[in-house]
Amino acid sequence: MTESEDSSVVRLGAVEFQSPRGPLRARGKLWFNSVYFLALGAWAVIGSWHQHRVLGFVAGFVYLELTLAVFRSSRLVGGVLYNDELAGRIAPLLEDLCTKAVCLTPKVVIRDDAMRSACVRRSRGRLLLVLSGSYLDRVDDRELRAVLAHEVVHIARDDLHWVKVRIWGSLVFAGAGCVAVLALFGGGVTLPVYGATAILTLMVANVGLSTFNRRLERRADMEGASLCDDPIALASALRIAKAFSDEARQRLFGPRPWRWILSPVSWRMPTHPPMSDRIHRLRELAAIRPPGGVGEPSDPLPGNTQVTAPSDQTGLPPTAGTEPYLR
Ligand SMILES: [Zn+2]
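So in the working numbering, spot 104 of the sequence shown is number 109, and the numbers just go up one at a time.
Put into structure tokens, the structure is as follows:
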């Protein structure tokens, strides 16, 4: 381990890790958001009392739901973890997979409050791999390598580009929703009502647009399994990820009445194919390509194998050996 010039980063080999950070910042943000949404809700209702009262109540309800959701998320607020043992497990695997896929190595952030087991995202122009600390405790090194391979495929294929497209697409819908409110109700509508309209439209648009993400997930599964040369380990890692995510959601939304009250915002976006399908497809892949059993063991990259997704094609261009990251 070496200390980087940037004090917020710990470097291990070629991999950078976010240094530990307490939950103070996340807690502060949470309280700010709760008060902010509550104030907007009150403004929407009071400001629409004499004109467009029903609209004001609908907007107030939207903000109340958001306030409750944010308030409830205090159950999961945590910080960034770092320890040499975890970093020592992740760094060599990640470095190796990124070298094979010929892609940038992301900065690793290990959180103790993540709802998802692993994901890649971009923040301030920096590529981040966010991992859940408690998920890491549940997977062995073989499963860890497989789940890292899935995420590395997202990076190598530049899938974050589609996330940006999705966000911009949703924002266009949100703008269209606000214009529709203006056209239908004319002037006199308070600002928070437009905000609530944008949020509602954004959520609906996101449901539609997020389904496009499914094919990217299928591709990351198939190519990730080939990249790590271990479809069974990825299937096992996904099974654990599903159990982990269900538990996290149970902790967040809890039993009734919370689950019932928060149902409009607690609904799971259809961004990923059903986990049972993903596991089934990986097992099918393993049946025709057991770990190290087909092809050259020294040449496990997806582009150099003849494997394509069994039963259900990803709908994306086939992986070709000439693809930049596949070597
Ligand atoms: Zn994924």
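The beta-carbon is built from N, C-alpha and C at its ideal position, and this holds for glycine as well.
Bear in mind that the values here come from a model prediction, so they are computed numbers and not experimental data.
| Check | Outcome |
| --- | --- |
| For R286, which of D235, K105, I266 has the nearest alpha-carbon? | D235 |
| Please list, in chain order, all residues of the same chain as H159 whose beta carbon is under 8 angstroms from its beta carbon, the five residues on each side excluded. | V125, L165, L221, A225 |
| Pairing CB atoms from the region 141 to 152 with CB atoms from the region 87 to 103, are three or more of them under 8 angstroms? | yes |
| For a test of the three-state rule: what should DSSP assign to R171, helix, strand or coil? | helix |
| Which residue marks the beginning of the beta strand (DSSP E) containing R131, and which one marks its end? | 131 to 137 |
| S250: which of D118, L153, P25 sits nearest, CA to CA? | D118 |
| Going by other Cβ atoms of all chains shown within 10 Å of its Cβ, with 16 needed for buried, is G200 buried or exposed? | buried |
| Taking 8 angstroms as the threshold, find out whether the region 59 to 74 comes into contact with the region 103 to 118 through three or more Cβ pairs. | no |
| For H155, tell me which candidate among E90, A230, A188, L257 has the shortest Cα-Cα distance. | A230 |
| Would you check if the distance between the CB atom of R32 and the CB atom of V82 is smaller than 7 angstroms? | yes |
| Give a yes or no on whether the C-beta atoms belonging to L239 and M280 are separated by under 7 angstroms. | no |
| Return yes when at least one heavy atom of ligand 1 lies under 6 angstroms from the C-beta of A225, else no. | yes |
| Going along the chain, which residues of its own chain have a beta-carbon closer than 8 angstroms to the beta-carbon of V14, five neighbours each way excluded? | E21, F22, Q23, S24, K112 |
| For S39 and L267, what's the separation of their Cα atoms in angstroms? | 15 angstroms |
| Quick one: what does DSSP say F62 is sitting in, helix, strand or coil? | helix |
| How long is the line joining the alpha carbons of R77 and A292, rounded to whole angstroms? | 43 angstroms |
| With the cut-off set at 7 angstroms, would you say L71 and F42 are in Cβ contact? | yes |
| Closer than 6 angstroms to a non-hydrogen atom of ligand 1 - does that hold for the CB of E148? | no |
| Considering only C-alpha positions, which residue in the set A248, N211, L187, L35 is nearest to L176? | N211 |
| Using DSSP bridges, identify the partner residues of S79. | According to DSSP, S79 bridges with nothing at all. |
| To the nearest angstrom, how far is the alpha carbon of I51 from that of R58? | 9 angstroms |
| Determine the extent of the beta strand (DSSP E) in which V114 is found, giving its start and end residues. | 112 to 116 |
| With H, G and I counted as helix, E and B as strand and the rest as coil, what does DSSP make of C183? | helix |
| How big is the Cα-Cα spacing for S139 and A188? | 49 angstroms |
| Closer than 7 angstroms, CB to CB, is M274 near chain D or not? | Judged by its chain identifiers, the structure shown contains no chain D, having just a single protein chain. |
| Tell me where the beta strand (DSSP E) around A106 begins and ends. | That residue, A106, is in no beta strand (DSSP E); its alpha helix (DSSP H) goes 89 to 106. |
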